[in-house]
Amino acid sequence: QVLAEPDIDLAERTWASLADGTPLVTGVRRGRGAIVLFHVTAEATWSNLPISGTFVDLLRRIAEFARNTGLQSATVGASDGNAGGSTASASLAPWRILRADGVLIAPPGEVRPLDPASVAPVNFEHPAGLYGVPEGFVARNILAPGETLEPFVMPQTEIETVTAPLLEARTADLSGWLFAAALLLLLVDTLAVLWINGRFARAGGVRRQGKAAAASIAALLVLAGAAALALVPQQASAQEAVSDERAGDSLLLQNLESTRLAYVITGDRAVDEASNAGLLGLSRFLASRTAFEPGDPVGIDIETDELALYPLLYFPVSLNAEMPSPEAMARLDAYMQNGGSVLFDTRDQLTGALSAGTSPETRRLRDMLADLNVPPLEPVPADHVLTKSFYIVQNFPGRYSGSPLWVEAQIGAEEATADRPVRTGDGVTPIMITGNDFAAAWALDETGRPLYPITSGDPLQRIYAFRAGVNIMMYMLTGNYKADQVHIPALLERLGQ
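To convert, take the position in the sequence shown, counting from 1, and add 518; that gives the numbering used here.
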């Protein structure tokens, strides 16, 4: 067994280690390659790594790294005019193409295989992306080595430009005038009927009754004009009030007709779009796998919107969003105390692993929860209801898979007190915290294709993420009734079955 000599650079060269920091795999780059050492014996006398599946995965990753390095070396050799480059100049089929928004997608039909020795710039038939196979590929970048981006300079012109705001659409409410016109037409029709029946020519002479009729007509006209002038502003304001009231009632009825998944609007456009797409994808998965058919997800403003209509709130933590006000956090605290649950997603598993201490997102979440009555938390235990509410799951991955799902710590009956903070009657945890970015794993487009890649590259991780989301929703909707399943063997034994 070759032990790693402790030095200043050991941490940078360590690729895998035990929990106490003992290096298991170290590597160092030498030229265009790398030397990788496994600091374990061939048998399992000191460590069981050589007989575990992890050892096979490590060897596979190193083999892929070696293949990639060989292809890149061949490409560099061919571009330098070395003799060794001609033997590795076979065409490479496109594997993943870089989309305009920076996402790697499957190559379309117009993309052609790439010659590794080619130094031509990126074009329509050979766009930027990865060429080869998953075990070994060549990365084709947008910019060649040595190229720099220069700032765009606006051309100097002598043409005067005039800026003016866009004309706003103006509408006028004519209902009052139309009502007055209808009233005038009714008066004219009534007078015409009276004239035809001879009412103006009877009992008292034509002149006297004609004067009385003219006075009556004038009084009616004055009354109609006053009614029209009075109706115009009042009608508009009344219609606005009625329309606002109907809009609010319609939204309330829509939320009451079907259960909806809700997310907190942060103000960060990218985060809010990912949350909406993620909850929409989870809603589709729930409808296809369970009897629960939720409606379209809803974005919630915790400052003003009603929170009691939703069993679960997905709250992504964003550094670009403004800090919620104390009043909003107080409303969120009351929501959790009355039976609601909030899933905080810091989405910092990758950045938290790279940082030496606590990630900025976690610090932001701590500041948000500083004044709330939060109960003690623990990672989801193996016997928790969340692990069996629908699927049998052991972990709760999202776009990342390293962060645990924190829930309210389970306590025994002897430890339960009346003043238990944010304690719900049905045993459902009022708060959950993760850093695995659930919404990005659940997000799908209109055709059902994922919008964001999984960091591990394993397609099963997305399926496990959907199953974790299903378990969370079933847990929110049904409570802890699955916890009673542990008594089934004893009940069947007592019943003689």
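Positions of the beta carbon are idealized from the N, C-alpha and C atoms, including for glycine.
Keep in mind it's a predicted model, so treat the numbers as computed, not measured.
| field | Identity of the residues DSSP links to E863 by a beta bridge | value | With the sequence shown as reference, residue 863 is identified as Asp, and Glu is not the correct amino acid for it. According to DSSP, which records beta bridges pairwise, D863 is partnered with P834 and T952.
| Straight-line CA distance for S877 to A608? | 45 angstroms
| Do the CB positions of G796 and W960 come within less than 8 angstroms of each other? | yes
| Among T708, A690 and P639, which one has its Cα closest to the Cα of E665? | P639
| request: Could you check if V711 is buried or exposed, using at least 16 other CB atoms within 10 Å of its CB as the buried criterion? | output: exposed
| message | Distance check for G857 and L995, CA to CA, integer angstroms please. | response | 11 angstroms
| Candidates A900, P645, S636 and N641, of which the one nearest P625 by Cα | P645
| Does the separation of the CB atoms of D863 and D955 fall below 8 angstroms? | yes
| field | Contacting residues, own chain, Cβ-Cβ under 6 angstroms from A756 (five flanking each side not counted) | value | Model confidence at A756 stands at a pLDDT of 43, short of 50, so the residue's coordinates are unreliable and nothing is read from them.
| said: Is it the case that the segment 801-818 contacts the segment 777-791, given that we only count it when at least three CB pairs across the two stretches are under 8 angstroms? | reply: yes
| field | Run of the beta strand (DSSP E) containing I615, from where it starts to where it stops | value | P612 to L616
| Among residues of its own chain, excluding the 5 on either side of I1019, which ones have a beta-carbon nearer than 8 angstroms to its beta-carbon? | Here the chain has residues from 519 to 1015 only, and residue 1019 is not among them.
| request: State yes or no: is the C-beta of P673 nearer than 7 angstroms to some heavy atom of the ligand ADP? | output: Because no ligand of any kind appears in the structure shown, any question about the ligand ADP cannot be addressed here.
| Roughly how many whole angstroms lie between the Cα atoms of P973 and G654? | Checking the sequence, you will find Thr at residue 973 rather than Pro. If I take the Cα positions, the gap works out to 18 angstroms.
| task | Would you kindly check if the distance between the Cβ of T880 and the Cβ of A839 is under 8 angstroms? | result | no
| Is it true that the segment 844-860 meets the segment 804-814, where meeting means three or more beta-carbon pairs spaced less than 8 angstroms apart? | no
| request: Tell me whether the beta-carbon of G987 lies closer than 8 angstroms to the beta-carbon of Q867. | output: no
| task | Could you tell me if M672 is buried or exposed, where buried requires 16 or more neighbouring beta carbons within 10 angstroms of its beta carbon? | result | exposed
| said: With a threshold of 7 angstroms on Cβ separation, who are the neighbours of L610 within its own chain once the five nearest residues in sequence on each side are excluded? | reply: P631, L632, P634, Y649, G650 and V656
| V651 - containing beta strand (DSSP E), residue span | G647 to V651
| task | Please look up how many angstroms separate the CB atoms of I820 and P844, rounded, as I've assumed it's under 8 angstroms. | result | That belief does not hold up - the Cβ atoms of I820 and P844 are roughly 12 angstroms apart, past 8 angstroms.
| message | Whole angstroms are fine: how far does the CA of E964 sit from the CA of F642? | response | 26 angstroms
| Any idea what DSSP makes of E926, helix, strand or coil? | strand
| request: Determine the contact status of Y982 and V911, defining contact as a CB-CB distance below 8 angstroms. | output: yes
| message | Here's a check: name, in chain order, each residue in its chain whose Cβ is nearer than 7 angstroms to the Cβ of I569, leaving out the five neighbours to either side. | response | A562
| field | Contact check, V789 vs S859, beta carbons under 8 angstroms | value | no
| Thinking C-alpha only, which one of L661, V543 and A662 is nearest L577? | V543
| request: Using DSSP bridges, identify the partner residues of T544. | output: T532 and L555
| Could you give the distance in angstroms between the alpha-carbon of A537 and the alpha-carbon of D527? | 19 angstroms
| request: Return the chain-ordered list of same chain residues with a C-beta closer than 7 angstroms to the C-beta of L703, the five sequence neighbours on each side being excluded. | output: none
| request: Would you decide whether S604 is buried or exposed? Buried here means 16 or more other CB atoms lie within 10 Å of its CB. | output: Low confidence applies here, because S604 scores a pLDDT of 41, under 50, leaving its location unreliable and the question unanswered by this model.
| field | Sub-8 angstroms separation of P894 and W924 beta-carbons | value | no
| Per DSSP, what kind of secondary structure is G987 in: helix, strand or coil? | helix
| query | Rounded to whole angstroms, how far is the Cβ of F908 from the Cβ of N794, which I believe are closer than 8 angstroms? | reply | Going by Cβ atoms, the distance from F908 to N794 rounds to 23 angstroms, so no, they are not a contact pair.
| message | DSSP three-state label for A796, please. | response | As written in the sequence, residue 796 is Gly, which differs from the Ala given in the question. G796 falls in the helix class under three-state DSSP.
| query | From which residue to which residue does the beta strand (DSSP E) around A780 run? | reply | A780 to V782
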